[in-house]
Amino acid sequence: MKKSINPNTILLFLVVAFPIHFWSIIMQLYEIEDTPAWEALGRGGYSLLFALAESVLIFVLLLPVFILLIKRVGETKALVITSWLYLGVAAAASVAQAFATIDKSAGTLWHRLFTLVGRFEGVSFILLMLLLLATLYTPVLLSLRSYKVSLTMYKGIERIASLTFFYLFLDAIGIMVIVIRNITG
Numbered sequence: 219m220k221k222s223i224n225p226n227t228i229l230l231f232l233v234v235a236f237p238i239h240f241w242s243i244i245m246q247l248y249e250i251e252d253t254p255a256w257e258a259l260g261r262g263g264y265s266l267l268f269a270l271a272e273s274v275l276i277f278v279l280l281l282p283v284f285i286l287l288i289k290r291v292g293e294t295k296a297l298v299i300t301s302w303l304y305l306g307v308a309a310a311a312s313v314a315q316a317f318a319t320i321d322k323s324a325g326t327l328w329h330r331l332f333t334l335v336g337r338f339e340g341v342s343f344i345l346l347m348l349l350l351l352a353t354l355y356t357p358v359l360l361s362l363r364s365y366k367v368s369l370t371m372y373k374g375i376e377r378i379a380s381l382t383f384f385y386l387f388l389d390a391i392g393i394m395v396i397v398i399r400n401i402t403g
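Take 219 as the starting number for the sequence shown in our numbering and just add one per residue.
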């Protein structure tokens with residue numbers, strides 16, 4: 219008996235790949251100044267190859283969570299919950315990286331947040347946790363309680379997935395560039 223791959227599993231991989239590839243392309247465009255075209259293509263190819271590898275690794279780590287959630291809340295809601303939690307963490311990491319990229323001398327956003335927590339101890343820690351709960355868990359709870367919210371988030375995931383196919387096409391081009399660069403020396 220032949221088993222097929224669950225479409226929601228494919229959607230989860232595409233959701234995982236989206237922010238990683240998006241950020242990789244943004245960083246390549248940020249660093250492209252005064253770079254010869256062939257070198258920029260090579261950097262872009264390697265960057266996309268690493269983005270693909272990172273996407274696979276994170277997908278493998280998220281897959282058990284997704285499978286466990288399927289058994290508890292069903293496939294669609296499991297996809298919505300897993301995707302939303304991952305996208306929230308990826309967005310927070312992107313904001314921190316953007317802050318560190320723009321203001322290299324000031325350190326990272328996380329360092330500043332933990333310094334702030336250390337200064338004001340309980341109050342800022344509670345505020346930080348409330349912000350985290352509001353941004354990550356409120357949509358998850360809403361999707362569990364409301365079919366419309368869950369359906370809307372699922373449609374958003376499908377749109378993200380369609381854009382990620384373009385990124386995977388760029389991955390294929392990047393791999394071809396890497397192969398050509400390594401053959402030609």
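All C-beta atoms, glycine included, are put in the ideal place defined by N, C-alpha and C.
LEU350 and TYR304 have their C-alpha atoms roughly 13 Å apart. In its chain, beyond the 5 residues on either side, ILE238, HIS239, SER242 have a beta carbon closer than 6 Å to the beta carbon of ALA269.
Within its own chain, the residues whose Cβ lies closer than 7 Å to the Cβ of VAL283, once the five positions on either side in sequence are excluded, are THR300, listed in chain order.
Here LEU287 has ALA296, ILE299, THR300 as same chain residues with Cβ atoms under 7 Å from its own Cβ, once five neighbours each way along the sequence are excluded. The distance from the Cβ of GLY392 to that of LEU279 is about 23 Å, inconsistent with a contact at the 8 Å cut-off. Look at ASN400 here: in three-state DSSP terms it is helix. In the DSSP assignment, ALA271 falls within the unbroken alpha helix (DSSP H) covering 255–291. Minimum Cα-Cα distance from GLY263 among the listed residues VAL395, ASN400, THR402, LEU362 corresponds to VAL395. When rounded, the separation of the alpha-carbon atoms in PRO357 and ARG290 is 18 Å. Burial check for ILE375: the Cβ neighbour count within 10 Å reaches 16 or more, so the residue is buried. Annotation: ILE250 is outside any alpha helix (DSSP H) and is labelled neither H nor E by DSSP.
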